[in-house]
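Presented below is the structure to which this report refers.
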Amino acid sequence: MHSGYNGGVDLPPIRQITALHTLGVVNVRYPSICADLTRQTQLRKLGVSAISQKNSRRLLSAISGHHHLESLSLGLAKDNHVVRWDGMYYPKNLRSLKLYGNVQMLPPQIKELHNLKKLSLEIISFTEEDMQVLGKLEKLQTLRLFVMKFDNGELQFPIMPEDAERSALFPELMVLEIDCSSNLHICFPLRTVPNLELLKVCYRSGSPLKLSGLDHMICLKKVWLNGPSDVVLFDSVRQQLDRNPKKPVFE
Numbered sequence: 001m002h003s004g005y006n007g008g009v010d011l012p013p014i015r016q017i018t019a020l021h022t023l024g025v026v027n028v029r030y031p032s033i034c035a036d037l038t039r040q041t042q043l044r045k046l047g048v049s050a051i052s053q054k055n056s057r058r059l060l061s062a063i064s065g066h067h068h069l070e071s072l073s074l075g076l077a078k079d080n081h082v083v084r085w086d087g088m089y090y091p092k093n094l095r096s097l098k099l100y101g102n103v104q105m106l107p108p109q110i111k112e113l114h115n116l117k118k119l120s121l122e123i124i125s126f127t128e129e130d131m132q133v134l135g136k137l138e139k140l141q142t143l144r145l146f147v148m149k150f151d152n153g154e155l156q157f158p159i160m161p162e163d164a165e166r167s168a169l170f171p172e173l174m175v176l177e178i179d180c181s182s183n184l185h186i187c188f189p190l191r192t193v194p195n196l197e198l199l200k201v202c203y204r205s206g207s208p209l210k211l212s213g214l215d216h217m218i219c220l221k222k223v224w225l226n227g228p229s230d231v232v233l234f235d236s237v238r239q240q241l242d243r244n245p246k247k248p249v250f251e
């Protein structure tokens with residue numbers, strides 16, 4: 001194998017090998033690669049790069065029947081601008097999914113991945129509708145969002161009704177990591193993300209960050225911030241965590 005552009009490797013013919021369990025990261029710019037992947041029905045973990053408008057449907061079609069696949073990493077081509085996700089279907093048993101590159105919209109088929117436990121998403125813009133879709137993935141435990149811009153500069157988690165036995169959205173979420181390159185206010189209303197234990201936020205200079213609602217997050221153990229020193233932000237976070245009965249750690 002040798003390195004291809006877009007961070008993957010060019011895959012030599014593997015037609016005679018049909019018992020691979022792990023493969024990646026594979027550069028799929030050549031049509032023959034997708035044909036080879038079709039035969040790898042025993043794969044549990046797969047990573048591919050250089051996905052484009054031209055090859056995206058072919059790729060997803062090649063792996064749609066891979067019922068053993070549990071972990072999938074999809075990297076878009078660096079020079080790609082738009083990939084149409086409609087009409088594509090992911091293996092239903094996926095437990096881990098990573099989408100990175102110039103992702104412009106949330107693939108609608110994600111809502112069908114009811115076994116998904118870990119999602120890493122690099123996307124240009126994240127909307128309230130996207131929040132609703134991801135929140136309904138009832139087994140999701142780890143969510144990593146790398147976003148250029150949030151809708152209205154705000155990420156507000158939905159409130160759980162008082163008479164509800166469990167949260168309708170993000171009922172099992174334990175780890176939330178957010179990396180944003182624009183202004184952002186993250187708000188946790190009362191009775192939301194009830195099982196969240198770790199919150200990690202990365203922010204940029206010149207892009208103010210605000211956090212609210214940390215004082216009533218009943219399972220929160222740690223808040224980790226990565227960005228320029230901000231006395232107002234740090235003081236606000238410390239005050240909220242001091243009011244939290246669980247006394248989460250702040251780093």
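Be aware that the sequence shown starts at 1, since it is given in UniProt numbering, and climbs by one per residue.
Each residue gets a CB set at the ideal place from its N, CA and C atoms; glycine is no exception.
| Query | Result |
| --- | --- |
| Where do the N-terminal and C-terminal ends of the alpha helix (DSSP H) with Cys34 fall, by residue? | Pro31 to Thr38 |
| Measure the C-alpha to C-alpha separation of Cys187 and Met148 and round it to an integer number of angstroms. | 18 Å |
| If you run the structure through DSSP and keep just helix, strand and coil, what is Asn183? | coil |
| Between Tyr5 and the rest of its own chain, which residues show a CB-CB distance below 6 Å, the 5 nearest in sequence each way excluded? | Low confidence applies here, because Tyr5 scores a pLDDT of 43, under 50, leaving its location unreliable; read the following figure in that light. Closer than 6 Å at the Cβ level, and outside the excluded window around Tyr5, lies no residue. |
| With the cut-off set at 8 Å, would you say Leu196 and Leu220 are in Cβ contact? | yes |
| Where does Asn102 sit, in a helix, a strand or coil, going by DSSP? | strand |
| Judging by CA-CA distance, which residue of Glu70, Val103, Asp79 and Leu214 is the nearest neighbour of Thr192? | Leu214 |
| In terms of residue numbering, what span does the beta strand (DSSP E) encompassing Ile51 cover? | Lys45 to Ile51 |
| Does DSSP put Val193 in a helix, a strand or coil? | coil |
| Excluding the five sequence neighbours on either side, which residues of its own chain have a C-beta within less than 6 Å of the C-beta of Arg29, listed in chain order? | Ala50 |
| Closest by CA to Gln132, which one among Leu209, Asp79 and Leu106? | Leu106 |
| What does the alpha-carbon distance come out to for the pair Pro158 and Gly227? | 26 Å |
| Measuring straight from C-alpha to C-alpha, what distance separates Asp242 and Pro91? | 44 Å |
| Considering Gln239, what are the terminal residues of the alpha helix (DSSP H) in which it resides? | Val231 to Arg243 |
| If you follow the alpha helix (DSSP H) that Leu60 is in, where does it begin and where does it stop? | Ser56 to Ile63 |
| Return yes when the Cβ of Leu145 is within less than 8 Å of the Cβ of Thr178, no when it is not. | In the sequence as presented, Thr is not what sits at residue 178; that position holds Ile. Cβ distance < 8 Å, so Ile178 and Leu145 count as in contact. |
| Nearest to Lys247 by CA position, among Pro171, Leu198, Glu172 and Leu76, is which residue? | Leu198 |
| Judging by CA-CA distance, which residue of Leu59, Glu122 and Lys222 is the nearest neighbour of Ser32? | Leu59 |
| To the nearest angstrom, how far is it from the Cα of Arg39 to the Cα of Leu46? | 13 Å |
| Specify, as a first and last residue, the run of the alpha helix (DSSP H) that Glu128 falls within. | Glu128 to Gly135 |
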